[in-house]
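Novice: Got a structure here, written out as structure tokens. Questions coming.
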Amino acid sequence: MEETQKYRLMHEIHEAFTPGAPIDSKDLFAGRKKQRERVMGTIFQKGQHAILFGERGVGKTSLANTIYDFLVMMGKFKYQRARVNCSEETEFGDIWRSVFKQLTYEPNRDVTLSLEDALPDNPSPENIKETFQLMSGPSIVVIDELDRLGDPDIQTRLADTIKTLSDNAIDTTLILVGVADTIEQLIAEHESIQRALVQVPMQRMSKAELLEIVDKGLFKCEPLIILPYVRERIADYSHGLPFYAHLLAREAALNAVDAERTVIVIDDLEYAVKQAVDSQLESMLGAYNRAVSAPRGNNYKPVLLACALALKNEQRMFFARDVMEPLRCITTKIYKVPAFAKHLKEFCEETHGPILERRGPPRKVQYRFIAPLMEPYVILRGLAENLIKEAQLIPPSERSTAFAQLSLLPPASDPAIEL
Ligand SMILES: Nc1ncnc2c1ncn2[C@@H]1O[C@H](COP(=O)(O)OP(=O)(O)OP(=O)(O)O)[C@@H](O)[C@H]1O
Ligand SMILES: [Mg+2]
């Protein structure tokens, strides 16, 4: 491989796989057809607005960012757009000042002014409506990171704004975005605006969607190709989180090019896994080490790995009993729940975490990884440290529409019983 081709490919790989940044062009945007159609529907229907919510890192911002591109693709050029990221210090007025700074109106022919100048200080929801009324065409306004707002009063005023924009059929669509399990966590007063606010829950990605990320990215890196099995493994290891598909595909592709190959093979993925856990995800390493650090023989590592591989429900929750089977596969010993109940408890506390959260009444307690990205990280670390072998992991079906969830092959020999 010539030096120039190598550098060109490296550049293209970095452009195609961006674990650190949301997607902002439709060419690299994979899947999410249903959710996209739902948001499009709100844009075409006056008086409707959308709220995108889900776990951290599932791809909410990417969807909101690329909607405009899809509108343009459909030949709809008339929309103005604005986007704002909230933070703890953001006030209600700050949101709208930032939004209107990005939008213009034409008070007379040949005169274009920023709407920011038309916004009064300390604006009320009514003022927001009046400012939008100055516009002659439609607009799309993305308000992201809603979960970070410090003052709950802002939620109330946002709900009032939606109500007045909707009641007056103002030709703008607000797309609210935030990390939450339920809409109540983002907009407490949502009952009053139920009809005006279309809910778009963002689940983890299906295996097919994750595969599409790999394909779309590699399409931009010609003549690079990937062996089918390796492509599938990247999707499996991602656990429904597009961040990992980007990270693993990028690192594997870079390794192949570094070795002057145009085919990505399983060794490249193995390298990518090590690279991901050792150098790319340092922020997670600290929390991981705190969780598993213990004198030898205390089993924190295999128990945490078994938690990551335990069968989960839609909310990513699992019972203590669900840890038994993966723990048996990892250690080839049978541990009953009391043998690792202490570990689970400590993973939820300062002593070894908190890395898990606990919910539900006694005897029906369920657990969940607090940070969604931690769960695949623990599995990748297990692979990198040889606690489990790649060949032990059973892939989820490509046809399953739910998020991909790996499980372990049972050990070949009958395990010894440990209590
Ligand atoms: N539909 C998609 N196609 C391809 N890549 C995607 C898609 N959605 C998200 N990604 C990638 O996944 C990662 C996370 O995406 P994004 O930042 O949009 O998620 P988020 O839900 O907004 O995260 P956060 O909760 O941290 O704000 C990014 O690397 C992004 O490029
Ligand atoms: Mg985001």
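Residue numbering for the sequence shown follows our numbering, starting at 1 and increasing by one per position. Quick reminder that beta carbons are idealized off the backbone N, C-alpha and C, glycines included. Just so it is clear, the structure is predicted and the values come from calculations on it, not from any experiment.
#1: Please indicate yes or no: does the CB of Ile334 lie closer than 7 Å to some heavy atom of ligand 1?
#2: For ligand 2, is there a heavy atom less than 7 Å away from the beta-carbon of Pro107?
#3: Do the region 188-195 and the region 151-162 touch if we need at least three Cβ pairs shorter than 8 Å?
#4: For Val230 and Glu251, I'd like the C-alpha separation in whole angstroms.
#5: What residues match up with Tyr501 in a beta bridge as DSSP calls it?
#6: What does DSSP give as the partner residues of Ile264 in its beta bridges?
#7: Excluding sequence positions up to five away, which residues of its chain have a Cβ less than 6 Å from the Cβ of Ile128?
#8: Please report how far the alpha carbon of Gln366 lies from the alpha carbon of Phe319, in whole angstroms.
#9: For Tyr271, which option in Pro338, Val257, Met284 has the closest C-alpha, if you only look at C-alpha atoms?
#10: Hey, Pro19 and Phe243 are a contact pair by Cβ (cut 8 Å); roughly how many whole angstroms apart?
#11: Taking Cβ positions, are Gly178 and Leu218 nearer each other than 8 Å?
#12: Is it the case that the Cβ atoms of Ile264 and Leu211 are separated by a distance below 8 Å?
#13: With hydrogens ignored, establish whether the beta-carbon of Arg32 is closer than 7 Å to any heavy atom of ligand 1.
#14: Check for me: the alpha helix (DSSP H) holding Pro245 runs from which residue to which?
#15: Given 8 Å as the limit, is there contact between the region 43-52 and the region 283-299, that is, 3 or more CB pairs closer than that?
#16: If we count the other Cβ atoms within 10 Å of its Cβ and call it buried at 16 or more, is Gly75 buried or exposed?
#17: If you count every other CB in all the chains shown that lies within 10 Å of the CB of His14, and 16 or more means buried, which is it?
#18: Return the first residue and the last residue of the beta strand (DSSP E) that Asn85 is part of.
Specialist: Result, derived from the coordinates:
#1: No, Cβ of Ile334 sits at least 7 Å from all heavy atoms of ligand 1.
#2: Taken from the Cβ of Pro107, every heavy atom of ligand 2 lies 7 Å or farther away.
#3: Of all C-beta pairs linking the region 188-195 to the region 151-162, three or more are shorter than 8 Å, placing the two stretches in contact.
#4: When rounded, the distance between both Cα atoms is 13 Å.
#5: Nothing in the structure corresponds to residue 501, since the chain is present only between 1 and 419.
#6: Per DSSP, Ile226.
#7: Same-chain partners within the cutoff: Trp96, Thr161.
#8: Those two C-alpha atoms are separated by around 5 Å.
#9: Comparing Cα positions, the closest option is Val257.
#10: A Cβ-Cβ separation of about 5 Å places Pro19 in contact with Phe243 under the 8 Å criterion.
#11: Taking 8 Å as the Cβ cut-off, Gly178 and Leu218 do not qualify as a contacting pair.
#12: No, the Cβ-Cβ distance between Ile264 and Leu211 is not below 8 Å.
#13: Short note on Arg32: C-beta closer than 7 Å to some heavy atom of ligand 1.
#14: It should be pointed out that residue 245 corresponds to Ala in this sequence rather than to Pro. First-last of the alpha helix (DSSP H) with Ala245: 242-258.
#15: These segments do not touch.
#16: Under a 10 Å Cβ-count criterion, Gly75 is classified as exposed, with fewer than 16 other Cβ atoms of the shown protein chains found around its own Cβ.
#17: In this structure His14 is exposed. Its beta-carbon is surrounded by fewer than 16 other beta-carbon atoms within 10 angstroms.
#18: For Asn85, the enclosing beta strand (DSSP E) starts and ends at 80-85.
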